[in-house]
Amino acid sequence: MIQCGFAGRTLDAWIGPYEGVGKVPASGWQPYQDTTFVTPAFSGYVSGHSTFSAAAAGALRLFFGEGYVAAKCRRIKEGESLFERKIEEGEEGFDAGLTDVPNQGPRTKGYAPATDVVLCWDTWEEAAEEAGISRLHGGIHIIADHEGKDMGFEIADMVYEKASALWN
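When we follow my numbering, the leftmost residue of the sequence shown carries the number 11, and every step to the right adds one.
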């Protein structure tokens, strides 16, 4: 989609761990997928993350009730990214000026996040919404793919109806 929609153009895109954002020809753009990750077994449209996150949120809401019962906030500490973590001198993978300095935004190098990030949700649905939107921010999906959220809530209703029949 990106390669066709922006054919012949240059894009600002993430270019790799500790490299930050750089110029990439649209024809060569690819969403980041670590080589050790298994490719998801679903298409881009609709977003699998939007669909299964909404299905889980809907089922949890139906089971536990309207209140969000899990921990409401999650903190990701400075430098604890899975892909661009902080590595200090003496540790394997250390690269002075790269792995020991915080990323400062577009076209900069360094570890991420540069400061602690706290994610909070008041409802299951808010958590599902953010999970789906994260795929947009990651460059993996476009907004139309996020329609899976609606499908997920429909799936939750069907699953809950079937499951509750088993315990009633």
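Just so you know, even glycine gets a beta-carbon here, dropped at the ideal spot from N, CA and C.
- Contact between the segment 111 to 120 and the segment 141 to 161 is absent: fewer than three C-beta pairs spanning the two stretches fall below 8 Å.
- Judged by DSSP in its simplified three-state form, T118 adopts coil rather than helix or strand.
- The C-beta of T61 has 16 or more other C-beta atoms within 10 Å across all chains shown, which makes the residue buried.
- With 16 or more other Cβ atoms inside 10 Å of its own Cβ, A137 counts as buried.
- Rounded to the nearest angstrom, the Cβ distance from Y121 to K96 is 4 Å, consistent with a contact under 8 Å.
- Assignment of beta-bridge partners to R71 by DSSP yields no partner.
- The Cβ atoms of H59 and G115 do not sit closer than 8 Å to each other.
- If you look at D22, you'll find it in the beta strand (DSSP E) that goes 20 to 24.
- Less than 8 Å separates the beta-carbon of R84 from that of L129.
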